[in-house]
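Notes for the one structure printed next.
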Ligand code: GLA
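In the numbering used here, the protein residues as written are 83 to 460.
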């Protein structure tokens, strides 16, 4: 049974009536453009065919009552008095309600059943998927206009200010604006998006290292601060405004700040080149750029880990692998590989064995299709 069917069935059982609505919002994998979003730069993610689903129906009062199939928990809150509770899945829903109200939206209550198949905490944006599904639910029951970039900003605010994770805009924006069969080139300054078709006869393979690092948040904030300091050094609003030429000619940044800035400046250029290569169907060039991105994240930005490096090396060593890199914030979680379609089956087994031999850990491997952004299902 599909997840959509499961949430509908469970909602029927709990409400003794059919839910009026089903909403879905996808997770994502980023193909290239890492740690560039909060530098006003470029990213090239795709929404994946793993998502959060909610089957729901409106309520006449201001209560939101939700059952999570994954946690087997029912929880509720009042839209008239939003208060922080114990950290957990419900805080994302409250955060979105709060951010919608802050944006001046009149939100109505609803009750629903929630489920998802985006692995939690793996770097595939399960939180952004939960936020966008929640926003889609509120928009549907409250008759709010659905403007994907605006909704992405509201969800980012929920994550930054209610949940307390200082993320950039990439995850929420791709969950809102994904296009089936396409990656999306996002300008994180203007929030303009361009759908770029994925190269034919290739597959996007997500390689989960089965490691999760607790220190991601503090390291992430430290990197952000280092990037902001480097932008101040160059006298620009964000590192987006520095090109490679100017960077190469500059002098006076301390060694660490220089490495951080070099990653961002070069990664922005690589991301634009990758979108071009994709449009031309030049998979070798795309793969080369992904490999270069990994080296830069490992050596200059220093957000990889020994497990991510092992996974990437295992993937890059296989026939049919065009390129591979760590994806998402780093320190653990997933790598992504672009693989020729005919080689996928063999590669999955060999990479799993190679990684297990190198690290003693058992990876999870997902072959992902590019999916559409958050929506109401028929
Ligand atoms: C996390 C954040 C994003 C982005 C990436 C790194 O996924 O949520 O905003 O900064 O890390 O590219």
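Every residue, glycine too, gets a C-beta built ideally from N, C-alpha and C.
Owing to the predicted nature of the structure, the values given are computational and were not obtained by experimental measurement.
Identified DSSP bridge partners for residue i
i: residue 228; result: For residue 228, which the question treats as bridged, DSSP gives no partner whatsoever.
i: residue 413; result: Looking at the DSSP assignment, residue 413 forms no beta bridge with any residue, so it has no partner.
i: residue 118; result: DSSP output for residue 118 lists no bridge partner at all.
i: residue 127; result: 112
i: residue 448; result: 288
i: residue 159; result: 146
i: residue 268; result: 125 and 275
i: residue 137; result: 104 and 195
i: residue 421; result: 285 and 403
i: residue 457; result: 106
i: residue 408; result: 417
Cβ neighbours of residue i in the same chain (closer than 6 angstroms, five flanking residues each side left out)
i: residue 207; result: 109, 110 and 253
i: residue 350; result: 118, 123 and 124
i: residue 454; result: 260 and 262
i: residue 288; result: 111, 416, 418, 448 and 450
i: residue 275; result: 259, 266 and 268
i: residue 228; result: 221
i: residue 290; result: 204, 416, 445 and 446
i: residue 356; result: 114, 126, 368 and 371
Proximity test, residue i beta-carbon vs the ligand GLA heavy atom, cut-off 6 angstroms
i: residue 374; result: no
i: residue 356; result: no
i: residue 237; result: no
i: residue 249; result: yes
i: residue 382; result: no
i: residue 252; result: yes
i: residue 123; result: no
i: residue 299; result: no
i: residue 116; result: yes
i: residue 411; result: yes
i: residue 269; result: no
i: residue 119; result: yes
Environment of residue i [buried if 16+ CB atoms lie within 10 Å]
i: residue 225; result: exposed
i: residue 230; result: buried
i: residue 331; result: exposed
i: residue 154; result: exposed
i: residue 83; result: exposed
i: residue 435; result: exposed
i: residue 375; result: buried
i: residue 346; result: buried
i: residue 216; result: buried
i: residue 194; result: buried
i: residue 152; result: exposed
i: residue 202; result: exposed
i: residue 99; result: exposed
i: residue 238; result: buried
i: residue 158; result: exposed
i: residue 149; result: buried
i: residue 338; result: exposed
i: residue 114; result: buried
i: residue 130; result: buried
i: residue 189; result: buried
i: residue 388; result: exposed
i: residue 185; result: exposed
Contacts around residue i, its chain only, beta-carbon distance under 8 angstroms, and the 5 residues preceding and following it disregarded
i: residue 264; result: 128, 277, 278, 279, 280 and 452
i: residue 425; result: 400, 401, 402 and 403
i: residue 430; result: 287, 447 and 449
i: residue 366; result: 404
i: residue 64; result: Residue 64 lies beyond the stretch modelled for the chain, which goes from 83 to 460, so this question has no answer here.
i: residue 53; result: The chain is shown only over 83 to 460; residue 53 falls outside these bounds and no answer can be derived.
Residues of its chain near residue i, where Cβ-Cβ distance is below 7 angstroms and the 5 sequence neighbours each way are ignored
i: residue 90; result: 101, 104 and 137
i: residue 391; result: 380
Cβ-Cβ separation, residue j to residue i (assumed contact under 8 angstroms), whole Å
i: residue 177; j: residue 107; result: Incorrect: roughly 15 angstroms between the Cβ atoms, too far for contact.
i: residue 214; j: residue 456; result: 4 angstroms
i: residue 422; j: residue 284; result: 6 angstroms
i: residue 445; j: residue 393; result: 7 angstroms
i: residue 160; j: residue 183; result: Not a contact, Cβ separation roughly 12 angstroms.
i: residue 198; j: residue 175; result: In fact, because the Cβ distance is near 13 angstroms, the residues do not count as touching under 8 angstroms.
i: residue 301; j: residue 121; result: The Cβ separation is near 16 angstroms, so there is no contact.
i: residue 245; j: residue 200; result: In fact, because the Cβ distance is near 16 angstroms, the residues do not count as touching under 8 angstroms.
i: residue 412; j: residue 385; result: 3 angstroms
Residue i beta carbon near the ligand MG (any heavy atom closer than 6 angstroms)
i: residue 205; result: Absence of the ligand MG is noted for the structure shown, with the ligand GLA being the only ligands found.
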